[in-house]
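Enquirer:
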Amino acid sequence: MISPWALIPNLTLPRELFCKPGALAALEGLGGKRVALVTGGSSLKASGALDRARQLLERGGGKVVMESVVAKEPSEPDVRPLAEQARQLEPDWIVGIGGGSVLDAAKAMWVWYEQPEVTLAAIAKPHSLPPLRKKARLALVPTTSGSGSECSPALTLNGAQGAKQVIVSRELTPDVAILDAQLAATMPPAVTAFTGIDAFTHAQEAYVSPLATSIVKTLAVSALRALLEFLPRAYAHGDDLEARERIHVAASLAGLAQASASTGLTHALAHALGARTGKPHGLLNAAFLVPVARFNAADGARGRYDALAKDLGLASADALIEEEGRLLEKLDLAGALSAVLPAASRNGDEALAAAALQDPCARTNPRRVNDAKALAGWLQTLGAS
Ligand SMILES: [Zn+2]
95 MISPWALIPN LTLPRELFCK PGALAALEGL GGKRVALVTG GSSLKASGAL DRARQLLERG
155 GGKVVMESVV AKEPSEPDVR PLAEQARQLE PDWIVGIGGG SVLDAAKAMW VWYEQPEVTL
215 AAIAKPHSLP PLRKKARLAL VPTTSGSGSE CSPALTLNGA QGAKQVIVSR ELTPDVAILD
275 AQLAATMPPA VTAFTGIDAF THAQEAYVSP LATSIVKTLA VSALRALLEF LPRAYAHGDD
335 LEARERIHVA ASLAGLAQAS ASTGLTHALA HALGARTGKP HGLLNAAFLV PVARFNAADG
395 ARGRYDALAK DLGLASADAL IEEEGRLLEK LDLAGALSAV LPAASRNGDE ALAAAALQDP
455 CARTNPRRVN DAKALAGWLQ TLGAS
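Take a look at the structure:
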């Protein structure tokens with residue numbers, strides 16, 4: 095009998111990828127007759143990009159039949175009414191333009207527009223989502239350089255008590271991804287830093303994941319090289335379009351690596367602490383990136399970090415971890431740990447550790463973690479340092 099594992103693709107890609115300055119213009123050729131636009135609102139409107147997207151769609155013969163602004167970190171109750179509206183208005187394309195939350199909301203709206211009966215619990219198992227594309231297709235346009243959702247087969251929603259619910263299915267890989275770095279050039283420095291470190295963490299955790307394949311490592315190394323060089327430039331000079339372009343592409347590559355090999359303990363902790371504090375996902379990753387790399391490299395997984403260091407032209411795992419520390423300094427994120435940790439784990443927080451261990455990302459950490467008490471003790475040492 096064939097193992098179900100053999101049937102899971104290592105990589106799924108959008109059918110079409112537009113990746114050049116001004117790539118937003120590709121919306122004109124989408125061919126949609128009735129378009130549902132999903133956006134995050136104000137900054138897109140202020141920059142004029144939303145008007146331009148609408149004009150392009152209309153010039154291409156489409157009509158924007160619904161326009162939805164979604165909240166940050168949406169949950170099922172935020173998205174269900176949009177799907178219901180879509181069922182009445184019957185769009186043939188869904189176009190999501192915004193940060194990672196917006197792109198994921200567009201995916202979730204698409205799922206319930208096409209498959210209203212489906213519950214999150216029923217599609218929790220990877221690749222169990224019934225077929226989409228009976229009613230509409232999906233185009234995604236990221237305006238931050240972070241989540242990689244525009245190319246990935248995954249969506250994340252906020253669940254009960256803020257816990258993350260992740261759905262993975264090849265059906266969710268968008269039909270079209272439009273990478274136009276000019277749209278990301280208006281990101282303020284803090285958002286550039288948070289989303290960029292999120293992308294960095296995706297690439298690093300995917301590379302050292304037990305699920306990493308050679309293609310994952312190739313994608314991850316390419317993303318990490320670009321982020322090490324160009325993220326500080328984009329942070330310091332938002333109008334540096336070369337840097338914007340490089341980190342925009344790097345975030346998509348990192349997203350592909352993450353979609354294939356998942357992430358690890360940094361993300362598990364970021365999800366658990368994010369549910370409790372509501373702090374930005376990228377800031378939480380910035381807080382745990384170096385401590386988790388040290389923790390993993392200290393026992394069992396050192397070879398994986400040494401291999402990554404070598405692929406990046408660095409001497410060893412230690413040199414890599416030092417380089418990451420310098421990157422965080424350049425992004426003014428060296429104090430991220432003390433900004434997020436004291437409230438949570440000054441006394442060793444077993445509930446936080448247990449929540450992190452419940453997160454699916456903990457299962458693909460290269461160093462086995464399964465003891466909440468031990469993890470809480472480790473968190474306490476971080477709080478004390
Ligand atoms: Zn992330």
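Residue 165 in the numbering used here sits at position 71 of the sequence shown; the count goes up by one each step and never skips. Ideal placement from N, C-alpha and C gives every residue a C-beta, glycine not left out. Computed from a prediction, not measured in an experiment: that's the story for all the values here.
Leu176 and Val132 - do their beta-carbons sit closer together than 9 Å?
Expert: Cβ distance < 9 Å, so Val132 and Leu176 count as in contact.
Enquirer: Tell me where the alpha helix (DSSP H) around Thr360 begins and ends.
Expert: Thr360 -> alpha helix (DSSP H) spans Leu359 to Thr371.
Enquirer: Please confirm if the stretch 265 to 281 is in contact with the stretch 112 to 131, defined as three or more CB-CB distances below 8 Å between the two stretches.
Expert: Yes, the stretch 265 to 281 touches the stretch 112 to 131.
Enquirer: Would you mind working out which of Gly123, Ser243 and Val196 sits nearest Val163, comparing C-alpha positions?
Expert: Checked all of Gly123, Ser243 and Val196; the closest Cα to Val163 is Val196.
Enquirer: Residue range of the beta strand (DSSP E) that Leu111 falls in?
Expert: Glu110 to Cys113 is the extent of the beta strand (DSSP E) around Leu111.
Enquirer: Return yes when the C-beta of Asn252 is under 8 Å from any heavy atom of ligand 1, and no when it is not.
Expert: False, no ligand heavy atom lies under 8 Å from that Cβ.
Enquirer: Three-state secondary structure (DSSP) at Glu170?
Expert: Three-state result, Glu170: helix.
Enquirer: Could you say which of Gly368, Thr289 and Ser303 lies nearest to Val343 if we only look at CA atoms?
Expert: Ranking the options by Cα distance to Val343, first place goes to Thr289.
Enquirer: What distance in whole Å lies between the Cβ atoms of Ile191 and Val235, which are believed to be in contact at a cut-off of 8 Å?
Expert: That belief holds up - the Cβ atoms of Val235 and Ile191 are roughly 4 Å apart, short of 8 Å.
Enquirer: Is the beta carbon of Ala328 sitting closer than 9 Å to the one on Thr280?
Expert: Contact flag unset, no.
Enquirer: Is Ser500 close to ligand 1? I mean its beta-carbon at under 8 Å from any heavy atom of the ligand.
Expert: Because the chain is modelled from 95 through 479, residue 500 falls outside the range shown and cannot be assessed.
Enquirer: Between which two residues does the alpha helix (DSSP H) carrying Thr485 extend?
Expert: What the structure shows of the chain is the stretch from 95 to 479, and residue 485 is not part of that stretch, so it cannot be assessed.
Enquirer: Look at the alpha carbon of Gly394 and the alpha carbon of Val386, and state the distance between them as a whole number of angstroms.
Expert: One C-alpha to the other measures close to 13 Å.
Enquirer: May I ask you to list the residues that DSSP assigns as paired with Leu161?
Expert: Here the sequence assigns Glu to residue 161, which means Leu is not the residue at that position. Bridge partners of Glu161: Leu131.
Enquirer: Going by C-alpha distance, which of Glu170, Thr357, Arg264 and Asp145 is nearest Arg457?
Expert: Of the listed residues, the one whose Cα sits closest to Arg457 is Thr357.
Enquirer: Pick from Phe112, Gly123, Ala100 and Asp412: whose alpha carbon is nearest that of Trp187?
Expert: Nearest option by C-alpha distance: Gly123.
Enquirer: CB of Ala364 to nearest heavy atom of ligand 1: below 8 Å?
Expert: Answer for Ala364: yes, Cβ within range of ligand 1.
Enquirer: Closer than 9 Å, CB to CB, is Gly154 near chain C or not?
Expert: Any reference to chain C falls outside this structure, which holds one protein chain only.
Enquirer: Report the three-state DSSP secondary structure of Lys404 (helix, strand or coil).
Expert: Reduced to three states, the DSSP call for Lys404 is helix.
Enquirer: State the DSSP-derived secondary structure class of Arg420, mapped to helix, strand or coil.
Expert: Three-state result, Arg420: helix.
Enquirer: Would you list the residues sitting across from Gly192 in a DSSP beta bridge?
Expert: The partner list for Gly192 (beta bridge, DSSP) reads Pro236.
Enquirer: Under the DSSP definition of a beta bridge, which residues are partnered with Val262?
Expert: Bridge partners of Val262: Ala248.
Enquirer: On the DSSP bridge list, what partners appear for Ala409?
Expert: For Ala409, which the question treats as bridged, DSSP gives no partner whatsoever.
Enquirer: Rounded to whole angstroms, what is the Cα-Cα separation between Arg109 and Pro268?
Expert: Taking the straight line joining both Cα atoms gives about 8 Å.
Enquirer: Among Asp198, Gln259, Ala257 and Ala218, which one has its Cα closest to the Cα of Ala233?
Expert: The residue with the shortest Cα to Cα distance from Ala233 is Asp198.
Enquirer: For the pair the stretch 147 to 158 and the stretch 246 to 260, tell me if three or more CB-CB distances fall below 8 Å.
Expert: Counting Cβ pairs under 8 Å, fewer than three are found: no touch.
Enquirer: Measuring from the CB of Thr357, is there a heavy atom of ligand 1 at a distance below 8 Å?
Expert: Yes.
Enquirer: Counting C-beta neighbours from all protein chains within 10 Å, is the total for Ala470 16 or more, i.e. buried, or is it exposed?
Expert: Answer is buried; the Cβ neighbour count reaches 16.
Enquirer: Counting C-beta neighbours from all protein chains within 10 Å, is the total for Gly125 16 or more, i.e. buried, or is it exposed?
Expert: Result: exposed.
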